[in-house]
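**Student:** Following this message is one structure expressed as structure tokens.
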Amino acid sequence: MPRRREGRLVDLEVDILGAGIELQAEDGDFYGFALAKRIADRAGATALTAHGTLYKALSRLAERGLVESEWEDPGIAADEGRPRRRLYRVTGAGVAACRAETEQRTALAPSPRTAFA
């Protein structure tokens, strides 16, 4: 795993924020399984991100104020016959951090070289 540079996001955190922003725009708050599925869909991956990895990254993002979370109403889960979900949302700071990291990575990416140039 690459070492974290001060103030930078690792790949998984960028993926979480990007997918979270998409889910939030569609449905409002989102939960872990939907997030893992969206990340896999975006990357064309056949497997979901491991839950332990995903939730540790969500915890780090929450500590930095880039995502917020709360437990859903227990009545909703009971009505649907499932366990309660922890619902997440990307904060304004999370949107800005994702945008800044994406722009910085784009600026640092080597430009494609043309053959015979």
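Numbering-wise (the working numbering), the sequence shown opens with residue 30 and increments by one.
Yeah, the Cβ is synthetic: ideal placement off N, Cα and C, and Gly gets one too.
All of these numbers come straight from a predicted model, not from anything done at the bench.
Considering just the uninterrupted stretch of the alpha helix (DSSP H) at Arg-128, what are its terminal residues?
**Tutor:** Arg-128 -> alpha helix (DSSP H) spans 121-137.
**Student:** If you scan the region 41-117 from start to end, which runs of the alpha helix (DSSP H) of 4 or more residues do you find wholly inside it?
**Tutor:** Qualifying alpha helix (DSSP H) stretches, in chain order: 61-72, 80-92 and 103-109.
**Student:** Can you give me the Cβ contacts of His-80 inside the same chain, cut-off strictly under 8 Å, excluding the 5 residues immediately before and after it?
**Tutor:** Cβ neighbours of His-80 beyond the five flanking positions: Gly-61 and Ala-65.
**Student:** Check whether the Cβ atoms of Arg-113 and Glu-97 lie closer than 8 Å to each other.
**Tutor:** No, the pair does not count as a contact, with Cβ atoms beyond the cut-off.
**Student:** Let me make sure I understand the geometry here. Which of Leu-46, Ala-136 and Asp-70 has the alpha-carbon closest to that of Arg-89?
**Tutor:** With distances taken between Cα atoms, Arg-89 lies closest to Leu-46.
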